[in-house]
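Contents: one structure, followed by commentary.
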């Protein structure tokens, strides 16, 4: 009995070890880093037009920035360390840091600094945020602990050093653990997004999409004609909830993963086009790279990338 | 932490949260992941009138009427304009935020302003059932607009 228990424990320990520290995930992390930072770069460039809302003339003054949070959500550390007068300059530096990270020319300390500034801007004016700001910044946080600059980076094009994974080094352990945390975080976001919707009567009723798609503050298209196809709203509303609530289950199961990810791409592209939230959609779709099979990803990229860029993914 | 804090206000969230609130709140994990939920919002914008009065309440200047955002129905989808839509919603749903942030901001932009007459204009989107049942009625007639939380705020001295 004791031996069986010991064996089972050993098996569990090996499985957990394999799950957390089994491989480096460098290709997936590299591609994910490129996509996330590229979108965040675009978002930040466009946000430069709103930089007055982070400065001395902002609707929410710097001295009261944390007052918009209730005590329960209030950040313990104020991360906007710059005076309001320098907001524009800091924001420009942030854009430059994002550009470096997109090209893979950043490193862990620089990426943490990038995240601190990003989170600082979130804290400085919480009212002006898009979902993409919050989720993208959170993903940037996890990415700062990974070795995500090994592939899809300019550094790789010129480096002759072979990328190796050593499960015993703390750096690689931290990286693979952050990779798993990224996956779990995404599962959590989807699940709670679905649960939150279930609290609403229109989502439960199957008509929430109607309210969204005919609200001119949400969509730039005139979709009123869809009232003649009410079944579209009913099915769309329920599919949205089922997709979100069960995302973590269906993506964890290898056989249903491709279907769910494809559904996710369609779902987010629809949101992106119809609701003009393309940046949010790209942030979400880019996370699917984290669930791609390494061999499939390399095979696909070898086909997609021109010969002179193959080095971006070569081992 | 990340799993529990998605519903941080739950008993488990409050119970366990005490050990990692500091980290969760700073990192941004203590967030409710609600997009278009619990129910999608209806059309809304702020309608405000700025008054300029002397100490005896007599107008010193003609009042000014504004909307925030300027395109009331949000017809401008430029990414920088949309941020103002989001900001308006965040501010307008809480009278304290209106009083603490919106009013002082408006007053600062209009030197000499004494009071701000505030109202949240809400246009309710008719239910799908209603639109289907009343097929013959023009859609615009089914939209119900009302002004909520009408209030007059004094500009900070």
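Residue numbers (this note's numbering), protein chains in the order written: chain A, 1 to 315; chain B, 1001 to 1157. Quick reminder that beta carbons are idealized off the backbone N, C-alpha and C, glycines included.
Residue i to residue j span [Cα, whole Å]
{"i": "residue 982 of chain B", "j": "residue 178 of chain A", "result": "Because residue 982 of chain B is not part of the residues shown, which for chain B are 1001 to 1157, the question remains open."}
{"i": "residue 1029 of chain B", "j": "residue 1003 of chain B", "result": "9 Å"}
{"i": "residue 1019 of chain B", "j": "residue 305 of chain A", "result": "47 Å"}
{"i": "residue 5 of chain A", "j": "residue 309 of chain A", "result": "51 Å"}
{"i": "residue 311 of chain A", "j": "residue 1096 of chain B", "result": "57 Å"}
{"i": "residue 154 of chain A", "j": "residue 255 of chain A", "result": "35 Å"}
{"i": "residue 244 of chain A", "j": "residue 263 of chain A", "result": "11 Å"}
{"i": "residue 1036 of chain B", "j": "residue 1114 of chain B", "result": "37 Å"}
{"i": "residue 61 of chain A", "j": "residue 87 of chain A", "result": "12 Å"}
{"i": "residue 56 of chain A", "j": "residue 1092 of chain B", "result": "21 Å"}
{"i": "residue 102 of chain A", "j": "residue 132 of chain A", "result": "17 Å"}
{"i": "residue 220 of chain A", "j": "residue 174 of chain A", "result": "44 Å"}
{"i": "residue 1059 of chain B", "j": "residue 1119 of chain B", "result": "21 Å"}
{"i": "residue 222 of chain A", "j": "residue 1126 of chain B", "result": "16 Å"}
{"i": "residue 318 of chain A", "j": "residue 270 of chain A", "result": "Only positions 1 to 315 of chain A appear in this structure, which leaves residue 318 of chain A out of reach."}
{"i": "residue 257 of chain A", "j": "residue 291 of chain A", "result": "8 Å"}
{"i": "residue 316 of chain A", "j": "residue 110 of chain A", "result": "With chain A covering 1 to 315 only, the question about residue 316 of chain A has no answer from this structure."}
{"i": "residue 198 of chain A", "j": "residue 242 of chain A", "result": "10 Å"}
{"i": "residue 268 of chain A", "j": "residue 8 of chain A", "result": "42 Å"}
{"i": "residue 1105 of chain B", "j": "residue 1045 of chain B", "result": "17 Å"}
{"i": "residue 1085 of chain B", "j": "residue 59 of chain A", "result": "13 Å"}
Within chain B, partners of residue i - CB distance below 7 Å
{"i": "residue 97 of chain A", "result": "In chain order: nothing, as chain B lies at least about 18 Å away."}
{"i": "residue 141 of chain A", "result": "1027"}
Within chain A, the residues that residue i reaches when beta carbons sit closer than 9 Å
{"i": "residue 1139 of chain B", "result": "214, 224 and 227"}
{"i": "residue 1086 of chain B", "result": "127, 128, 129 and 130"}
Interface residues of chain A facing residue i [CB-CB closer than 8 Å]
{"i": "residue 1003 of chain B", "result": "184 and 188"}
{"i": "residue 1073 of chain B", "result": "216 and 217"}
{"i": "residue 1042 of chain B", "result": "211 and 215"}
{"i": "residue 1156 of chain B", "result": "By Cβ distance, chain A contributes nothing, its closest Cβ being about 11 Å from residue 1156 of chain B, past 8 Å."}
{"i": "residue 1132 of chain B", "result": "227 and 230"}
{"i": "residue 1011 of chain B", "result": "Chain A residues near residue 1011 of chain B: none, gap ~14 Å exceeds 8 Å."}
{"i": "residue 1091 of chain B", "result": "59 and 127"}
{"i": "residue 1128 of chain B", "result": "207, 210, 227, 230 and 233"}
Whole-Å CB distance - residue i paired with residue j, under 8 Å assumed
{"i": "residue 952 of chain B", "j": "residue 1043 of chain B", "result": "Since the first and last residues shown for chain B are 1001 and 1157, residue 952 of chain B lies out of range."}
{"i": "residue 97 of chain A", "j": "residue 113 of chain A", "result": "7 Å"}
{"i": "residue 202 of chain A", "j": "residue 1040 of chain B", "result": "7 Å"}
{"i": "residue 319 of chain A", "j": "residue 148 of chain A", "result": "An answer regarding residue 319 of chain A cannot be provided, because it is not within the stretch 1 to 315 covered by chain A."}
{"i": "residue 95 of chain A", "j": "residue 44 of chain A", "result": "5 Å"}
Partners in chain B for residue i, counting only beta-carbon separations shorter than 8 Å
{"i": "residue 134 of chain A", "result": "1028 and 1031"}
{"i": "residue 301 of chain A", "result": "Correct list: empty, because the minimum Cβ distance to chain B is about 30 Å."}
Contact list for residue i against chain A, beta-carbon separation under 7 Å
{"i": "residue 975 of chain B", "result": "A query on residue 975 of chain B cannot be resolved here, the shown segment of chain B reaching from 1001 to 1157 and no further."}
{"i": "residue 1080 of chain B", "result": "46, 49 and 50"}
{"i": "residue 1007 of chain B", "result": "192"}
Cross-chain neighbours of residue i in chain B, by beta carbon under 9 Å
{"i": "residue 122 of chain A", "result": "1028"}
{"i": "residue 199 of chain A", "result": "1034, 1037, 1038 and 1039"}
Original post:
If contact means a Cβ-Cβ distance below 7 Å, which residues of the stretch 201-234 of chain A contact chain B?
Top reply: 201, 202, 203, 207, 208, 210, 211, 212, 214, 215, 216, 217, 220, 224, 227, 230 and 233
Residues, ordered as in the chain, of the stretch 71-83 of chain A that lie near chain B by beta-carbon distance below 8 Å: Cβ contacts with chain B come from 72, 73, 74, 75, 76, 77 and 79.
Practice prompt. Mind listing, in chain order, the continuous alpha helix (DSSP H) runs of no fewer than 4 residues lying wholly within the stretch 147-186 of chain A?
Written response: As far as the stretch 147-186 of chain A is concerned, its whole alpha helix (DSSP H) runs of at least 4 residues are 154-158.
### Message
Closer than 9 Å between beta carbons: that is the criterion. Which residues of the stretch 50-74 of chain A meet it against chain B?
### Response
50, 53, 57, 58, 59, 60, 61, 64, 67, 68, 69, 72, 73 and 74
Notebook entry, point to check: Of the residues that make up the stretch 1109-1125 of chain B, which ones have a beta carbon closer than 7 Å to any beta carbon in chain D?
Noted result: The question asks about chain D, but that chain is absent: this structure's protein chains are A and B.
* To do: Give the residues from the stretch 31-52 of chain A that approach chain B closer than 7 Å (Cβ to any Cβ), ordered along the chain.
  => Hits within the stretch, in order: 46, 49 and 50.
Hey, which unbroken runs of the beta strand (DSSP E) at 3 residues or more fall wholly within the stretch 1033-1061 of chain B? 1043-1053
Near-chain B residues of the stretch 102-123 of chain A (beta-carbon distance less than 8 Å), N- to C-terminal order: 119 and 122
Q.
Taking beta-carbon pairs under 8 Å, can you tell me which members of the stretch 265-276 of chain A lie near chain B?
A. Per Cβ criterion, the list reads 276.
| request: Identify each residue in the stretch 236-264 of chain A for which the Cβ-Cβ distance to at least one residue of chain B is less than 8 Å, and report them in chain order. | output: none
**Residues, ordered as in the chain, of the stretch 13-25 of chain A that lie near chain B by beta-carbon distance below 7 Å** = Correct list: empty, as no residue qualifies.
Open item on the list: Can you pull out the residues from the stretch 1050-1072 of chain B whose beta carbon lies closer than 7 Å to at least one beta carbon of chain A?
Closed with: For the stretch 1050-1072 of chain B, the set of positions with a beta-carbon nearer than 7 Å to some beta-carbon of chain A is empty.
Threshold first: 3 residues or longer. Then list the beta strand (DSSP E) segments lying entirely within the stretch 1101-1130 of chain B, N to C.
1115-1124
- [ ] Please go through the stretch 221-250 of chain A and give each complete alpha helix (DSSP H) segment of 4 or more residues, from N-terminal end onward.
- [x] 230-245
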